[in-house]
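Read in order, the letters of the sequence shown are residues 440 to 642 in this note's numbering.
Cβ atoms here follow ideal geometry from the backbone N, Cα and C, with glycine treated the same way.
Here the structure is a predicted model, which means the values were calculated and not measured.
Report on the following structure.
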Amino acid sequence: MSYQLHETEGIVLWRWPRGEADMVLRLYTKEYGGVTLLAKGIRLTKSKLRGAVDLYSRTRVGFIAGKESFRLTHADLVHRYPLLREDAVRYRAVGHIADMFGRSVADGEGDVELWTLLLEAFSLFSEDAFQEQAMPLYMRSFEIKFLKQLGYVPETMPRAALAVVSLPLRDAATALTIHDADGLMVFLEPLLRYAVTQRWNEA
């Protein structure tokens, strides 16, 4: 990325304070993949950007390269997902997803398939009629799709993985059983650890 103004759409996955008034934002974006932005003065009451970059919100951001980091210049809220922050089960699920993206996905490399998968998960988990008891099924399906897109899933997969890898995320509730989800967790855990290791070896 050059030093010009960049604009893209992203989802705020992490936020942490810096100094008295600033905040560091971690987003997964459509065009640039993972991006870390410094939001100057955003914690001040008068800041116009505060409501546009809430945790787990979908927003359109503009940023430029500063001396040490990318600096947020403007942000416009696209969609807020209130249920993801108000419901404990959904909050833990998207927190796990945010952790997966933060630890396993390289910066500066957009991936339309990953972006679409992220939006699909946030949309599904935000539905009023969402079945929380099926969350393990959705999460295992998400993890399989995520790791496959990164290239970390072997060609030989368990039957349950093959059953959902090409299906829409919401269909996991009918394609899998809780027993399937337990077995997939054993299959996926070492792959998730490997994805993290590769991410930081390449950094």
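For the pair residue 529 and residue 564, the CB atoms are nearer than the 7 Å cut-off.
In the three-state scheme derived from DSSP, where H, G and I count as helix and E and B as strand, residue 464 is classed as strand. Look at residue 494 here: in three-state DSSP terms it is coil, with no helix or strand label.
Take the alpha-carbon of residue 550 and the one of residue 466: they are about 13 Å apart.
Closest in C-alpha terms to residue 547, from the list 494, 634, 472 and 562, comes 472.
Residue 515: not part of any alpha helix (DSSP H); member of the beta strand (DSSP E) spanning 509-518, first to last residue. Here the alpha carbons of residue 573 and residue 477 stand approximately 37 Å from one another. Inter-segment contact for the region 516-532 and the region 480-498 is present: three or more beta-carbon pairs are separated by less than 8 Å. A Cβ-Cβ separation of about 15 Å leaves residue 617 out of contact with residue 600 under the 8 Å criterion. Minimum Cα-Cα distance from residue 597 among the listed residues 532, 535 and 622 corresponds to 622. Distance between residue 532 and residue 483, taken at the CA atoms: about 30 Å.
Nearest in C-alpha terms to residue 539, of all of 589, 526 and 568, is 589. Each residue's CA atom was taken as its position, placing residue 552 and residue 585 some 9 Å apart. Rounded to whole angstroms, the gap between the alpha carbons of residue 481 and residue 493 is 11 Å. As the crow flies, the alpha-carbon of residue 570 is around 11 Å from that of residue 576.
Residue pairing by DSSP places residue 453 opposite 465 in a beta bridge. In terms of Cβ geometry, residue 502 and residue 488 do not form a close pair [threshold 7 Å]. Residue 501 is bridged by DSSP to 446 and 513. Between residue 461 and residue 479, the C-beta gap is smaller than 7 Å, which places the two residues in contact. Residue environment: residue 579 is assigned as buried (16 or more neighbouring CB atoms within 10 Å of its CB, all protein chains considered). Cβ neighbours of residue 452 within its own chain (closer than 7 Å, five residues either side excluded): 465, 466, 467, 537, 540 and 541.
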